[in-house]
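All remarks here apply to the structure that follows.
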């Protein structure tokens, strides 16, 4: 159901710009943001629907703590929009003409409002803060988290379609939140993720084979980061299938280098946030 134009007797005048002052959430275009209104006020704006000729917006009151409370998970997006007065605004694409009406939440089709209970950053809220790391990563030691984070960097000097970067996008998917999708994607082939955590366009097992054949041309520094991250995922990831994949990949890298694999207990001790244990593992 599309949004319908309200009766003229509810029309109000907009005497300020709808240009974003603070973007709160966007996906190619700002979807939730604030605008500067007269008398130093700030109003909340939500893009409710786009049509061939223009766009429908919901304007609402924005208190001093509204944005902070949404970001900290204390206030849902729908509550922020509907807790006080609301205006429905239509802006034409061709000439920028704006019309506005005073409305209630019942005047707007439910599918054009945020789903009840939806938090702004539901997938990434950790102790009131936003984080790109998936929730399970926060249960790891700081050193193990750091190893995963440093593995995100792609190898220098290789083309963007090099097999190392195909495998790296799958690695990132396993412990990062997809920024565009606002969720974790635990499958190598599911569409989404943009260019940073995008899908694999070939069988992931074939990508592993191709990568191991390219080791001689791959920067050694990158190769070690990938190996250590794969070790952690192979021991710690909550999904059994992902855990098995990365553990097998880790063992293949180790065998390729004629080394012995580290046990989970050995890894936990070496990366257990204790300096003396780390130094002992390094032979110091």
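Numbering (our numbering), first residue to last: 806 to 1089.
Heads up, the beta-carbon is just placed ideally off N, CA and C, and yes, glycines get one too.
Residues of the same chain with a CB within less than 8 Å of the CB of residue 1013, apart from the 5 flanking positions on each side, are 972, 1054, 1057 in chain order.
Straight-line measurement puts the Cα of residue 1076 at about 6 Å from the Cα of residue 1083.
In the three-state reduction of the DSSP assignment, residue 892 falls in the strand class. A residue is called buried once 16 or more other Cβ atoms fall within 10 Å of its Cβ, and residue 1030 is buried on that count. A distance below 9 Å separates the beta carbons of residue 1034 and residue 952. A Cβ-Cβ contact shorter than 9 Å links residue 866 with residue 848.
One alpha carbon belongs to residue 1002, the other to residue 817, and they sit about 44 Å apart. Spanning the alpha carbons of residue 979 and residue 857 requires a straight line of approximately 38 Å. Here residue 996 is exposed. Its C-beta has fewer than 16 other C-beta atoms within 10 Å. Every alpha helix (DSSP H) stretch that sits fully inside the segment 947 to 1013 and reaches 4 residues is listed by chain position as 947 to 955, 968 to 978. With fewer than three CB-CB distances shorter than 8 Å, the segment 942 to 961 does not count as touching the segment 839 to 854. When C-beta atoms of the segment 1031 to 1050 are compared with those of the segment 913 to 921, fewer than three pairs fall below 8 Å, so the two segments do not count as touching. With 16 or more neighbouring CB atoms inside 10 Å of its own CB, residue 859 falls in the buried class. Beyond the five residues adjoining it in sequence on each side, residue 836 comes within less than 6 Å, by CB distance, of 830, 852 in the same chain, given in chain order.
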